[in-house]
Every structure is written in structure tokens, then in C-alpha cells.
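Per this note's numbering, the sequence shown starts with residue 165, numbered consecutively.
Even glycine gets a Cβ: it sits at the ideal position worked out from N, Cα and C.
What follows is a single structure, written as C-alpha cells, with notes after it.
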Amino acid sequence: MNPFGDPDGEFLVLADDEERHSIWPWFAAVPEGWSVRFGPDSRAACLAYVSACWIDVRR
Numbered sequence: 165m166n167p168f169g170d171p172d173g174e175f176l177v178l179a180d181d182e183e184r185h186s187i188w189p190w191f192a193a194v195p196e197g198w199s200v201r202f203g204p205d206s207r208a209a210c211l212a213y214v215s216a217c218w219i220d221v222r223r
């Protein structure tokens, strides 16, 4: 199973220097250039955080 789609997994919310957000499995190393903004928490909670914080998805 792809860990990014695991509905029961724990995730982090990452953001890069341009404020683009992504969910990331909590157990995986954070890629260079990204920082943790939220979590670890459920996939649903992380997606809700992204929806609330990343208003302009065109960035």
C-alpha cells in the first residue's frame, strides 16, 4: 500500500519556501527544503489543516 494514501496512517503537514503544502508520512525523512507545519496526526486532520492554511492552491 502507498503510505500517502493510508486512511489509517499518521502524517505531517510540510511546507516549502514558497508556502506550498503537502502531507507526508510521519515515519519518512522530511525532504530538504521542506519544514513541518503540523502533526503528526491523522490523514483527515492533516488535510483539514492544509485546506484551512493553504488558501491559494495556484502557488
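>> Which of the three DSSP states is assigned to A192 in this structure?
In response: Of the three classes helix, strand and coil, the one that applies to A192 here is coil, per DSSP.
> Relative to the alpha-carbon of I219, which residue among P189, H185, R201, A193 has its alpha-carbon at the smallest distance?
Replying inline: Here the closest residue by C-alpha is H185.
>> In this structure, how does DSSP classify R207 when only helix, strand and coil are distinguished?
In response: Of the three classes helix, strand and coil, the one that applies to R207 here is helix, per DSSP.
>> Just to check my reading of the structure: L176 and P195 have Cβ atoms closer than 8 Å, yes? What is that Cβ distance to the nearest angstrom?
In response: No, L176 and P195 are not in contact; Cβ-Cβ is about 11 Å, not under 8 Å.
>> By alpha-carbon positions, which one of S199, A208, A209 ends up nearest to E182?
In response: It is S199.
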